[in-house]
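S.K.: Below is one structure. I have some questions about it.
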Ligand code: SF4
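Numbering (the working numbering), first residue to last: 10 to 333.
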């Protein structure tokens with residue numbers, strides 16, 4: 010990748026406990042280039058949101074980055090102090106969370122919040138910041154943005170609030186947006202609109218997007234590449250169409266088979282047997298082996314690293330598809 014906006018290298022996140030240390034994210038490496046949307050998908054507890062939180066410096070104690078490095082726009086950020094990271098956040102990285110009210114203050118109008126954020130990061134006077142705020146509201150599809158500017162968050166519907174949050178994330182023309190389950194709390198019809206909006210804005214502004222979700226359907230609609238996570242590790246990484254069409258990791262294959270399609274909508278969706286183990290009980294060898302129909306003796310003893318299998322990277326001793 011010539012000029013990546015985000016580079017994550019061998020990231021490891023630990024949660025120290027009194028008697029042991031839990032490893033929540035282990036050996037995670039990936040990069041995102043300008044204008045690219047990379048989806049990170051997996052079940053709850055797979056480590057995808059923690060990876061996003063570590064990138065934007067919002068990992069909550071006792072969670073800590075125990076190893077690895079993170080660069081955003083060429084600057085190493087995993088070792089910045091909180092004040093320096095706050096400047097990066099907002100100016101270089103925007104964040105969109107599942108609940109818009111995480112990002113919005115109910116006591117201020119959306120206009121006040123946009124102007125405040127714009128002026129924190131850009132050298133604009135109040136009038137110019139207001140113009141930019143109204144233009145951003147229009148860009149994210151808020152009707153009558155000049156009037157809505159003076160309204161409070163509770164006067165907006167859930168979908169409109171999420172549009173305001175996207176406008177907030179775009180205030181300083183960030184190079185990277187971390188969107189963590191941005192559509193999960195919305196009605197299905199609104200979800201599609203927000204997904205389309207994110208994709209268009211990313212293309213128009215050349216913003217790199219890390220899209221964290223448990224919903225493979227959202228990834229299929231939006232992302233260029235996808236990283237599938239399981240028990241804190243990436244188990245498959247590749248172009249979305251290829252990972253959906255010809256998944257190589259048995260867990261990814263199970264996830265893909267559970268995406269609803271028009272042909273399959275009447276049938277019972279595929280389910281992977283069993284559940285992902287908790288952090289305290291990740292088995293030795295390949296962590297997926299207790300659920301994997303292809304497991305062999307080696308899978309119970311040795312953990313596979315990500316390695317090339319065709320056009321994908323796959324962490325599996327026995328990937329699906331032709332031998333590479
Ligand atoms: Fe299944 Fe073995 Fe591959 Fe793990 S390494 S996914 S257990 S075949």
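We put the beta carbon where it would ideally sit given N, CA and C, even for glycine.
Hey, could you find the ends of the beta strand (DSSP E) residue 319 is sitting in?
M.R.: It is not in any beta strand (DSSP E) - residue 319 carries neither H nor E in the DSSP assignment.
S.K.: So, helix, strand or coil for residue 3, using DSSP?
M.R.: In the structure as shown, the chain starts at 10 and stops at 333, and residue 3 therefore has no counterpart that could be examined.
S.K.: Report the residue from 257, 243, 145, 252 whose alpha carbon sits nearest the alpha carbon of residue 206.
M.R.: Among 257, 243, 145, 252, the Cα nearest to that of residue 206 belongs to 145.
S.K.: By Cβ distance, which residues of its chain are closer than 6 Å to residue 301, with the 5 residues on each side in sequence left out?
M.R.: Correct list, in chain order: 259.
S.K.: I'd like the ranges of any alpha helix (DSSP H) spanning at least 4 consecutive residues and lying wholly in the segment 222–260.
M.R.: Here the runs fully enclosed are 225–231, 249–254.
S.K.: Who are the Cβ neighbours of residue 33 in its own chain at under 8 Å, not counting the five residues just before and after it?
M.R.: Answer for residue 33: 22, 23, 24, 56, 59, 72, 241, 288, listed in chain order.
S.K.: Using three-state DSSP, classify residue 189 as helix, strand or coil.
M.R.: Strand at residue 189.
S.K.: Using C-beta distances below 6 Å, list every residue in its chain close to residue 147, excluding the 5 sequence neighbours before and after it, in chain order.
M.R.: Closer than 6 Å at the Cβ level, and outside the excluded window around residue 147, lie 154.
S.K.: Please go through the same chain and pick out, in chain order, the residues whose beta-carbon is closer than 6 Å to the beta-carbon of residue 323, but skip the five residues on each side of it.
M.R.: So the list reads 245, 257, 258, once near-sequence residues are dropped.
S.K.: Between residue 165 and residue 120, is the Cβ-Cβ spacing less than 8 Å?
M.R.: Their beta carbons are not under 8 Å apart, which means residue 165 does not touch residue 120 by this criterion.
S.K.: Closest to residue 38 by CA distance: which of 51, 156, 67, 77 is it?
M.R.: Cα-wise, what sits closest to residue 38 is 77.
S.K.: Could you give the distance in angstroms between the alpha-carbon of residue 151 and the alpha-carbon of residue 169?
M.R.: Whole-angstrom Cα-Cα distance: 7 Å.
S.K.: Could you give the distance in angstroms between the alpha-carbon of residue 264 and the alpha-carbon of residue 238?
M.R.: Roughly 11 Å separates the two Cα atoms.
S.K.: Using a Cβ-Cβ cutoff of less than 7 Å, which residues in the same chain neighbour residue 75 once the five nearest sequence positions on both sides are dropped?
M.R.: Cβ within range, chain order: 21, 22, 23.
S.K.: Quick one: what's got a C-beta closer than 8 Å to residue 167's C-beta in the same chain, skipping five residues either side?
M.R.: Closer than 8 Å at the Cβ level, and outside the excluded window around residue 167, lie 109, 194, 195, 196, 199.
S.K.: Under 7 Å from any heavy atom of the ligand SF4, does the C-beta of residue 321 make it?
M.R.: No, since every heavy atom of the ligand SF4 falls outside the 7 Å radius drawn around the Cβ of residue 321.
S.K.: Taking all protein chains shown into account, do 16 or more other C-beta atoms lie within 10 angstroms of the C-beta of residue 190, making it buried, or fewer, making it exposed?
M.R.: Classification for residue 190: buried.
S.K.: Throw me the rounded Cβ distance for the residue 348 and residue 192 pair, which I believe falls under 8 Å.
M.R.: Since the first and last residues shown for the chain are 10 and 333, residue 348 lies out of range.
S.K.: Determine the burial state of residue 35: buried for a count of at least 16 other Cβ atoms within 10 Å of its Cβ, exposed for fewer.
M.R.: Buried is the call here.
S.K.: Helix, strand or coil: how does DSSP classify residue 19 here?
M.R.: It is a strand residue.
S.K.: Taking the straight line between their C-alpha atoms, what separation do you get for residue 312 and residue 243?
M.R.: Distance between the alpha carbons of residue 312 and residue 243: 12 Å.
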